[in-house]
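Residues in the sequence shown are numbered from 17 upward in steps of one, following the numbering used here. C-beta atoms are modelled at their ideal positions from N, C-alpha and C, and glycine is treated no differently. All values derive from a computational prediction rather than experimental measurement. Take a look at the structure below.
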Amino acid sequence: MHHLFHRTAGAVLLGFSFATVSPALAQQPATAPLAKPAAPAPAAPAAQPTPQQISVARDVVLYSGIARSFQVVVPQYLDQIGSSLTRTRPDLIRDLNVVMEQVKPEFDKRIDEMVDNAARIYAANLNEQQLKDASAFFKSASGVAYVQVQPALMGDLFPKMQAWQKQLSEDMVTRIRAEMKKKGHDI
């Protein structure tokens, strides 16, 4: 179970970073300089988010899957603490399991704190209509399907991205060396 939590959290967090990559950038040839794509100007959020904005932003955090990355932390930490303590004191296992089940609800409440923090950040950066649009998408059948498959997609995409990065790095070094050689420099 411990490994599942790590994989899910990693996939969720990785999903957020991949979601910001522009499809236009992915289609540009490797030799073209990467220009920042023109993004539509975001509508100016209110200086102080309204309670309604924060409420809608909380829905976005919950329905988008972002909260999954917060929800895995408590079980992960309890598992790590249990493993660490019982490594040298296996006699503690039974009592430690009881105590960990006893304190888990107390720490589960802290997940809500992080969801609220994330909602406030979203509400500070997106106006109410943008939040409502995002919330509507994540609550739609397509949004639910997207969120459900995102960890598996990221799990499949991560090794491809690693291989791509490795090859890109090697190709860049080779290309730069070739161009420098044309200028009389052996590097």
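- Annotation: the continuous alpha helix (DSSP H) that includes Q118 extends over I109 to N141.
- Secondary structure of G159 (DSSP, three-state): helix.
- A direct Cα-Cα distance of roughly 13 Å separates L142 from S71.
- Taking the Cβ atoms as the reference, L94 lies roughly 16 Å from M130, outside the contact range of under 8 Å.
- In the structure shown, S80 falls within a coil segment according to DSSP collapsed to helix, strand and coil.
- A Cβ-Cβ separation of about 5 Å places L147 in contact with A73 under the 8 Å criterion.
- Between Q69 and A139, the C-beta spacing is below 8 Å.
- Sorting D111, K125 and P175 by C-alpha distance to the C-alpha of A83 places K125 at the top.
- Where R103 is concerned, the enclosing alpha helix (DSSP H) starts and stops at V89 to T104.
- Distance from I137 to F86 at the Cβ level is roughly 13 Å; contact not present, criterion being Cβ atoms closer than 8 Å.
- If you draw a straight line from the Cα of V163 to the Cα of D132, it is about 20 Å long.
- Of K120, Q118 and L78, the smallest CA-CA separation from F154 is found for L78.
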